[in-house]
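J.: Position one of the sequence shown corresponds to residue 309 (my numbering), numbered consecutively onward.
Glycine included, every Cβ here is placed at the ideal spot set by N, Cα and C.
The structure is given below, and queries will be raised subsequently.
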Amino acid sequence: PPTHPELLDWLAVEFIESGWDVKHLIRLIVTSATYCQDSKSTTKLNERDPENRLLARGPRQRLTAEMLRDQALALSGLLVQDVGGPPVYPYQPSNLYSNIVVAADYPGTRYTESTGPALYRRSLYTFWKRTVPQPTLATFDAPDREVCTARRLKTDTPLQALALMNDTIQLECARKLGERMMREGGTSPGPRLSFAFELAT
């Protein structure tokens, strides 16, 4: 059974009274004090609520694969905010489909990289082939979508650090963030670092 039935009842009534406004409900949840709190906790609270079922602290795990990419794009100022549209083909290792995908002449057998703003769309719009998942997203535990996944596993591996240091989109985002720090963060290193830290956190 739910741990907070009164809260669910209140949210249901709020949803109805708002005229079934989904955006209002989502905004209400993500701007709540519970959603915005950090992961700091006390020993006493950890003993009382080790699984955080009472939601007294924020989550302690890192962002999902898609969110990590989108966060880098947002911090750098490259993220395209357009909603809807066809799938896009962001950076991916060349010849990734070789010897994996049948070389027939129909859509989905070739990966033609997007150009311009399409490279910086949200990860939600990334073209995804179930038999060949996007490598960087897979490195950060994105499921391969061949079967239904109820809960994502979270791992920490050296390969993830290498991906953040060498992936094309991460390098491009880092360069653009540096430009943004120079342009908007002040005239000396201290304020620029503070600006970047505030953006990232």
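Could you tell me the distance, in whole angstroms, from the CA atom of residue 335 to the CA atom of residue 372?
T.: 20 angstroms
J.: Is there contact between the stretch 427–444 and the stretch 391–400, where contact requires at least three CB pairs shorter than 8 angstroms?
T.: yes
J.: When we look at the beta-carbon of residue 450 and count the other beta-carbons within 10 Å, is it buried (16 or more) or exposed?
T.: buried
J.: Assuming residue 462 is part of the alpha helix (DSSP H), what are its boundary residues?
T.: From DSSP, residue 462 is part of no alpha helix (DSSP H); its letter is neither H nor E.
J.: Helix or strand or just coil, what does DSSP make of residue 437?
T.: Correct three-state label for residue 437: strand.
J.: Between the alpha carbons of residue 376 and residue 399, how many angstroms are there, rounded?
T.: Using only the alpha carbons, I get a separation of about 15 angstroms.
J.: Who are the Cβ neighbours of residue 471 in its own chain at under 6 angstroms, not counting the five residues just before and after it?
T.: So the list reads 444, 447, once near-sequence residues are dropped.
J.: Nearest to residue 343 by CA position, among 360, 327, 496, is which residue?
T.: 360
J.: Assuming the contact rule is C-beta atoms closer than 8 angstroms, residue 369 and residue 462 should be a hit. Round their C-beta distance to whole Å, please.
T.: 5 angstroms
J.: Apply the 10 Å Cβ neighbour rule to residue 485 and answer buried if 16 or more other Cβ atoms are within range, or exposed otherwise.
T.: buried
J.: Within the 8 angstroms Cβ cut-off, does residue 359 reach chain C?
T.: In summary, chain C is missing from the structure at hand, where a single protein chain is found.
J.: How is residue 335 classed by DSSP in three states: helix, strand or coil?
T.: helix
J.: Would you report the Cα separation of residue 356 and residue 363, rounded to the nearest angstrom?
T.: 12 angstroms
J.: DSSP has residue 455 in a bridge; who is on the other side?
T.: DSSP lists no partner for residue 455.
J.: Is DSSP giving residue 391 helix, strand or coil here?
T.: coil
J.: Over the uninterrupted alpha helix (DSSP H) stretch that includes residue 323, give me the two end residues.
T.: 313–325
J.: Give me the residue from 425, 366, 322 with the minimum Cα distance to residue 391.
T.: It is 425 whose Cα lies nearest to the Cα of residue 391.
J.: Report yes if the CB atom of residue 422 is closer than 8 angstroms to the CB atom of residue 374, and no otherwise.
T.: Cβ atoms of residue 422 and residue 374: not closer than 8 angstroms.
J.: Just reading off the alpha helix (DSSP H) that residue 421 is part of, what are its end residues?
T.: Looking at the DSSP string, residue 421 is not in any alpha helix (DSSP H), and its letter there is neither H nor E.
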